[in-house]
Structure formats: C-alpha cells, structure tokens
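Student: Here it is, the structure in full.
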Amino acid sequence: MTAPLTPGEDPTLRFEAALNPAQLAAVSAPDGPHLVVAGAGTGKTRTLVYRVAWLISRGITPESVLLLTFTRRAAQEMLKRASSLLDERCRRVSGGTYHSFANLVLRRHATRLGLSNRFTILDRADSVDLLQTLRSEAGYDKNGKRFPRADSLVELYSKQVNTQRPLADLIAEEMPQFADEKDAIIDLQGRVRRRKYEQSILDYDDMLICLLDLLAQHDEARREIAGLYRHVLVDEYQDTNRLQAHITALLASVHRNIMVVGDEAQSIYSFRGASFRNIIDFPKIFPGARQTLLEQSYRSTQPILDLGNGVLEQAKERFPKRLFSLIPGESKPVLMRVRDDYAQADFICRRVLELREEGVPLGQIAVLSRAAWHSNTLELELASRNIPFRKFGGIKFVEAAHIKDVSAILKLALNPTDSAAWFRVLQLFEGIGPRTAQSILGHVLERGGDFRVLVQPKLTVKTYGKDLKNLAALLEEIADPHKSLLAKLEAVLDRYRIWMVRKYDDANVRQRDFEALVVIAARYEDLEAYLSELAIDPPDFSRGRPDDDPEDEWLSISTVHSAKGLEWHSVFLLNMNAGRFPLWSSMKNEADLEEERRLLYVAVTRAKRNLYLIKPEEILARGQSYEVGELSPLLAELPDLQQRVEEKIYAPKASSSLPEGQEEKTDDSEQLRRIMDYFST
C-alpha cells in the first residue's frame, strides 16, 4: 500500500515516478473529452486510480467526480487505492455502477417522471413472473397458437432496450417463427410497461430507461444532475450498450470533462447488448477529443503479445495500437496439433501436472474455450486423474429460489402493490398455483395492496387459509416503520423456515445461506437500501461450490467471455478449429466474425508466460462421426503465423487413462450409425 502524502509533498513527483509516459499523459490531461485506449494488461485500472487522485490533488471537490464502473467492487477498490495514494478525500468520490447511479438519481427525481420514489426493483425472475401474469391476462396463452414463453420475451424486450433497435426488427431476426404474432408481442411489451408504471416497479432496464428519459426529456433535471459532476470517468467503456453511452454523453453535456477508458479489441459482449461502436465512435460524439494509447503491457511476454498483435491487425476497424512488453521471456506460444478431443484432454492433463512440478500453482493455470460444452471431455479426464478444477459459472446466490422467496416477502413490506412479489409469495403455499395466485392477487390489488384481504372468510376457509393468515400477520409485523431491518429479516426467516421445509427437499442445506443474508443485511440501515443493493449489485459468491481441496488449489476452466479481466501464468486454448473457434454460426456474418477475432485476442492476452493453442486434427461432427478439423481461420489468416508460434505434434502415451481402444482408433462411424438408428426407433 502506498503511504499517504505528507504535508507539503508535491503529488506530481510521486505520479511521475509511478507511471509510464502514456499513463502520465492520461492521468494529468487537461479538461475536456478524452478517450484512453488501454490494451490488455497495460494498467487501465492504475490509470483511473491515479486520475482520481490527480483531480482531487488539484482541488476538485470529490463529490463532483463521478466514476462509473461495471461492478460495485471495482469502484470501491479504485477509490480505496486512490485514498491510499492521496488521502481520504478520494473516498468521497461518487463511484458505482450505471444501475446503482440510476437508482440514486431516480430516488430523488422519480416524481418528475410520475413515479413514486419508493419504487421497488424487479430482478430477471421477477420480470418473468410479471410477464407470465400479463401474458395470461391477455389470453395469449389460450389463443390456440404457439406463443413465445415468458422468459424468452423478457430476453427479447431487454435486448430491444439495450440495443435501442425496433422490436419488430428483433422479432424478425431472432424469432422469425413468431412473425405472425408480432403485433401481440409488441402489445404485450406495452402492457408490461404500463403495469410496472402503475405499480411503481422497475426492472434493471427500466432504471436506465428512466434515467435516460430524465436526462433527455427534462432539461432542468439534466442541467442539475450533469452540473453536479464536473468530471465523469468511465471504466470498460467498450462494454457499454447504446443506452449507457447515451446516458454518459448527457452526464458530460454541461462540463464536457469526460474520460472513458477501454479497449475496442476487448469488446466481446454484443449478445448482452454491448456496442463496439460506442468506443469507436467516441471521437465523433465529442469532436476534438484527446486520444491516449496505453501500449506497454505489464502482464505478458513479448512473444505472446506478438501473437495478440497479429490477431488484432486483421480487424476491419481498430485503434492503431501495438502492445509491447519489457518482461523477460522468449518462448513463443505453442500451436499443439493433437489427434482428437481425447488426445487434447490427455495433453492438457499431462502438461498441467508438469507445470505444477515446475512450481506453477494450479491456481495460476487456466483452460479457456469458446463454448462451455467444449471442455466436457477434459473435465472427465481431469476427474479421473484427481486434478481439482473449478468451472466458472453456477447459480448466483441471489438467484437461488429460497433467497428470492425471502426477498419477495420483504419487498411486499416496502411496496404492497408489487404484483411480481405477490405472485411468487402466494405460490409458496400448498393448494395455490398460478391461477389461484392470480385470483388472490387481483383482490389484493383492488384494495391497493391491503394484505388484510388475506384474512377474509372466503379465503380462510380454504386449505391454505392458515398460511394466508400467517402471511398477513408477518406482513403487518415487518411493515412496522419502527422495526429495524435485521428484526424484519429475522421475522421473515423464522416464518419462512416453516414454509421452506414443505417446499424444498433440501431445506436443511438451503438454510445455511440465511446466515449470509443476515451478514449482508447488517451493513444497511433500512429495507429500501438493502433490497436495492441486493437487486442491483448482488454479492459475488455462488452456491454449490465443492468442498475445499486440502491444498486449496484449483485449475480454472472457463469460457473466454467469463475469463475477460483475468490472467494466469499458463493458459490453454481448446479447439482452435473452424467451427469451434470461431463458431460456425459466427462465420456467416462479418460483424460476428469480427467479434470472434476480438474474443481470440482476449483469450491470447490472458496468458502471462505460457500459451498453448490446441488444434485437434479430427473433430466430432453432428452425426457422431469424426471429420477433418480445419485450422481456425482466425489463425490461418495470419500471414506470418509460423514466425509467431511454435508448432508441435502430440501423441498420447499408452499409459493414458483414455477409453480403451482410443489409442489406435479406427473409423467406427458406420457401425455407430447403425446402433444409433436401431435404438432411436
């Protein structure tokens, strides 16, 4: 940790000693729009941290600096580092995610949009429940024709919001089989929006839509909000969607002091709505903007960067950067040719064990693939050799059903007209399905969310009457404004434990998670803040993790998408074949192929010292037969590939634990076809 500045010490000298020339140019830049293109491993975060400290050291009021990041943890860590560099003033900088910032602003200005400032927030599952309700109300589930599922429509509507494209165009592209239902799909989106508006409930996308509406349609509010922030800093700008880019530009419309930091070559999330054009077109939105290129990598050796540079040089649109490194190391990336998936798995297992003997911890080794299923064979082989591994992914804590149940009950104490929460809670009880829940929900909403409806005689005589009476008593208890958040949570958990035993077979296992809920809640003073934070930026841990290995060492297996932002000493890239990396589906469209190229660049630049690109000579085709595996065009297109990689051939040794007969594999595709045909009839 850097010692804070001593009284009278000039921070400029410390900055000059700690930063390379390009970083210093970005950190000490004068006012005005500024695009910092930061290549992989070039110190992007360091540059932002020092920029924050630089601004505060120059007398800028901390509260007038806005730092937007994609996770709460990133913002907190940056401001913590800036504080250790300068002083505690840096902790007063306004930092957070787009959604947390939107929540903060909308709580103050919601009435300008006709919303209650006590709105509640829907997560994705809540949104699906609400849409399912309205889908049924409109009769679209009974019109005698196939209609999109609620979860599919939630994804479609979200993509429309984040890409700002016409819904009809997305239906034609992504749901052509429902072209005849276009009008109904568009109508249902309108119904959902109206219902949420009436009940003051917002989903993640609504928060950004409302913030944009506030800034774009209410000029007085825009000037007030944008005027508060003299400097706007944005991290990972290549990952913003069109909506976020529009919000960012409006936030900088008063002072025009905006610095966005990112790497166009790492724009790989178009499936989430992220737009490559946001960073490419930044100079068009802010004419005369400064541009600084960060090209010195502090992560990888030069041979690894040479391959990454070569991949990037083939891109149609890019900023003219070329990464370089002063880290010693002359070993080129290895293009390892193996026979098939089994040989690929065998090679990785053997080499991983060798690296471990050479002193490289398992935690510093990763296997990356274009798609999660590509590692199936490898996972079996790792398990058979007792090599512990962790695959990125799993159920997020707040997405677990029992955690969502508890949150839904708490939401009703805050907003008794939240129909999605009611719909979920009512179905906790035996005898109440979607139709009955909808009926009870209708009566509750007719009375403005009055939960005393639950104790009406016509309901208490039902088999679930006692449960409804207990629910009503619980809601009355936690609606008490004088009761603390922890007291409310404990009351909910005490009652919910009884209901949970009847609903889930593994109730005892699930109860362990409630300890974490209590710990999280202890950090908040009120229910509104707690629920907002849980929905917008949930805690970063997952359920279902295996018991810790005695040595606490895990090999990482990940898709390239999940690996972005991470780094390892040694990296293996699976299936460098046409159709696998890039995927066949991405080879038909130029924009998709460009993103595949950026994905490969991201994958290559995760490696610090060793990089292995593995290319099976045979790949399993759709008919379960093997076919010749062509080299990935993303590598084949490099005019000097032989100079950038070392090609090797690997043949498994007889001692491998591969399936019997795999060493001398013959063409059994015809026999396999007969077997499959016979048993499929």
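Take 106 as the starting number for the sequence shown in our numbering and just add one per residue. Note that beta-carbon positions come from the ideal geometry of N, C-alpha and C, so glycine has one too.
What residue from ARG347, ALA357, ALA143, VAL623 has the CA that sits closest to GLN396's CA?
Tutor: On the sequence shown, position 291 is the one that residue 396 refers to. Measuring from the Cα of GLN396, the nearest candidate turns out to be ALA143.
Student: Buried or exposed: THR568, going by 16 or more other Cβ atoms within 10 Å of its Cβ?
Tutor: For the purposes of this step, residue 568 is identified with residue 463 of the sequence shown, where counting begins at 1. It counts as exposed.
Student: Could you say which of SER133, ARG490, LEU718 lies nearest to ASN680 if we only look at CA atoms?
Tutor: Position 575 of the sequence shown, counted from the start, is the residue given in the question as residue 680. Closest option to ASN680, Cα to Cα, is LEU718.
Student: Once the 5 residues before and after ALA255 are set aside, which same chain residues still bring their CB inside 7 Å of it?
Tutor: Along the sequence shown, read from residue 1 onward, the residue named residue 255 stands at position 150. Same-chain partners within the cutoff: VAL233, LEU236, GLN237, ARG240.
Student: Within a Cβ cutoff of 8 Å, which residues of the same chain sit near LEU688, ignoring the five residues on either side of it in sequence?
Tutor: Indexing the sequence shown from 1 puts residue 688 at position 583. So the qualifying residues of the chain are ARG475, ALA476, GLU701.
Student: Does DSSP put GLN729 in a helix, in a strand, or in coil?
Tutor: As a first step, residue 729 must be located in the sequence shown, where it is residue number 624. Here GLN729 scores only 43 on pLDDT, less than 50, and its place in the model is too uncertain to base an answer on.
Student: Quick check: the Cα distance between SER199 and LYS264, rounded to an integer number of angstroms?
Tutor: Taking the sequence shown and counting its residues from 1, one reaches residue 199 at position 94. Taking the sequence shown and counting its residues from 1, one reaches residue 264 at position 159. If you take the alpha carbons of SER199 and LYS264, they lie about 28 Å apart.
Student: Return the residue from the list TRP527, TRP673, PHE494 that minimises the CA-CA distance to LYS509.
Tutor: Working through the sequence shown from its first residue, we reach residue 509 at position 404. Comparing Cα positions, the closest option is TRP527.
Student: Quick one: residues in its chain with C-beta nearer than 7 Å to the C-beta of ALA640, no 5 flanking neighbours on either side, listed in chain order?
Tutor: For the purposes of this step, residue 640 is taken as residue 535 along the sequence shown, with counting starting at 1. Contacts found: ILE226, ASP228.
Student: Might you give, ordered along the chain, the residues of its own chain that have their beta carbon closer than 7 Å to the beta carbon of LYS332, omitting 5 neighbours on each side?
Tutor: Within the sequence shown, residue 332 is the residue found at index 227, counting from 1. Rather than Lys, the amino acid found at residue 332 in this sequence is Gly. Here the set comprises VAL359.
Student: Given that a residue counts as buried once 16 or more other Cβ atoms are within 10 Å of its Cβ, and exposed if not, what is PHE619?
Tutor: To locate residue 619, count along the sequence shown from 1; it is residue 514. Per the 10 Å Cβ criterion, buried.
Student: Quick one: what's got a C-beta closer than 7 Å to ALA626's C-beta in the same chain, skipping five residues either side?
Tutor: Sequence index remark: in the sequence shown, residue 626 carries index 521 (1-based). LEU590, LEU591, LEU594, TYR635, listed in sequence order.
Student: Kindly indicate which residue of ASP340, LEU320, GLN747 has the alpha-carbon position closest to the one of ALA207.
Tutor: Along the sequence shown, read from residue 1 onward, the residue named residue 207 stands at position 102. Checking every option, the nearest Cα to that of ALA207 belongs to LEU320.
Student: For ALA525, name the three-state secondary structure that DSSP assigns.
Tutor: Position 420 of the sequence shown holds residue 525. It is helical.
Student: Can the beta-carbon of VAL560 be found closer than 8 Å to that of LYS571?
Tutor: Here residue 560 corresponds to residue number 455 of the sequence shown, with the count starting at 1. Here residue 571 corresponds to residue number 466 of the sequence shown, with the count starting at 1. No, Cβ-Cβ distance for VAL560 and LYS571 is not below 8 Å.
Student: Return the bridge partner residues of TYR717 from the DSSP annotation.
Tutor: Taking the first residue of the sequence shown as 1, we reach residue 717 at position 612. DSSP lists VAL439, PHE677 as partners of TYR717.
Student: With C-beta atoms as the reference, is PRO438 less than 8 Å away from PRO408?
Tutor: Along the sequence shown, one-based indexing puts residue 438 at 333. Along the sequence shown, one-based indexing puts residue 408 at 303. Yes, Cβ-Cβ distance for PRO438 and PRO408 is below 8 Å.
Student: I want to know whether the segment 159-167 touches the segment 189-204 - three or more CB-CB distances under 8 Å.
Tutor: yes
Student: Does DSSP classify PHE791 as helix, strand or coil?
Tutor: Only positions 106 to 786 of the chain appear in the structure, and residue 791 is not among them; the question remains open.
Student: Using only alpha-carbon positions, find the residue among ALA122, LEU124, ILE754, LEU129 that is nearest to ARG442.
Tutor: Position 337 of the sequence shown holds residue 442. Considering only alpha carbons, the answer is ILE754.
Student: Going by DSSP, what residue range makes up the alpha helix (DSSP H) through ILE662?
Tutor: Reading the sequence shown from its first residue, position 557 is the one you call residue 662. That residue, ILE662, is in no alpha helix (DSSP H); its beta strand (DSSP E) goes 660-664.
Student: Please give me, in chain order, every unbroken run of the beta strand (DSSP E) with length at least 3 that falls completely inside the segment 363-391.
Tutor: Here the runs fully enclosed are 363-367.
Student: Under the three-state reduction of DSSP, which class applies to HIS360: helix, strand or coil?
Tutor: The sequence position of residue 360 within the sequence shown is 255, counting from 1. Of the three classes helix, strand and coil, the one that applies to HIS360 here is coil, per DSSP.
Student: So, do the segment 704-712 and the segment 660-671 have three or more beta carbon pairs nearer to each other than 8 Å?
Tutor: yes
Student: Kindly confirm or deny that the segment 337-348 and the segment 373-381 touch, where touching means at least three C-beta pairs closer than 8 Å.
Tutor: yes
Student: Would you kindly check if the distance between the Cβ of ILE373 and the Cβ of LYS693 is under 8 Å?
Tutor: Translated into positions along the sequence shown, residue 693 becomes position 588. Translated into positions along the sequence shown, residue 373 becomes position 268. Not closer than 8 Å, so no.
Student: What residue does the alpha helix (DSSP H) around SER257 start on, and which one ends it?
Tutor: As a working mapping, residue 257 is identified with position 152 in the sequence shown. From DSSP, the alpha helix (DSSP H) with SER257 extends over 255-268.
Student: Evaluate ILE290 with the Cβ neighbour count: other Cβ atoms within 10 Å of its Cβ, from every protein chain shown; 16 or more gives buried, anything less gives exposed.
Tutor: In the sequence shown, residue 290 corresponds to position 185, counting from 1. ILE290 should be labelled buried.
Student: For a quick check, are the C-beta atoms of HIS674 and VAL465 less than 8 Å apart?
Tutor: Along the sequence shown, read from residue 1 onward, the residue named residue 674 stands at position 569. Along the sequence shown, read from residue 1 onward, the residue named residue 465 stands at position 360. With a cutoff of 8 Å on beta-carbon distance, HIS674 and VAL465 are scored as near each other.
Student: Would DSSP call GLY201 helix, strand or coil?
Tutor: Numbered from its first residue, the sequence shown carries residue 201 at position 96. Residue state, collapsed to three classes: strand.
Student: Would you mind stating whether SER430 and LEU399 have Cβ atoms separated by less than 8 Å?
Tutor: As a working mapping, residue 430 is identified with position 325 in the sequence shown. As a working mapping, residue 399 is identified with position 294 in the sequence shown. No, Cβ-Cβ distance for SER430 and LEU399 is not below 8 Å.
Student: So, with DSSP's three-state summary, where would you put LYS574?
Tutor: Sequence index remark: in the sequence shown, residue 574 carries index 469 (1-based). Helix, per DSSP.
Student: Between the Cα of ALA518 and those of TYR155, ASN125, PHE224, spot the shortest distance and give me the residue it belongs to.
Tutor: Taking the first residue of the sequence shown as position 1, residue 518 is located at position 413. Among TYR155, ASN125, PHE224, the Cα nearest to that of ALA518 is on PHE224.
Student: Output yes or no for whether 8 Å exceeds the beta carbon distance between ALA134 and CYS195.
Tutor: Walking along the sequence shown from the start, residue 134 turns up at place 29. Walking along the sequence shown from the start, residue 195 turns up at place 90. Result no, Cβ atoms of ALA134 and CYS195 do not sit closer than 8 Å.
Student: Please state if the CB of GLU535 and the CB of ARG602 are separated by a distance shorter than 8 Å.
Tutor: Position 497 of the sequence shown holds residue 602. Position 430 of the sequence shown holds residue 535. No, Cβ-Cβ distance for ARG602 and GLU535 is not below 8 Å.
Student: If distances are taken between C-alpha atoms only, which option among HIS507, GLY415, SER661 comes closest to LEU598?
Tutor: Here the question's residue 598 lines up with position 493 in the sequence shown. Answer by Cα proximity: HIS507.
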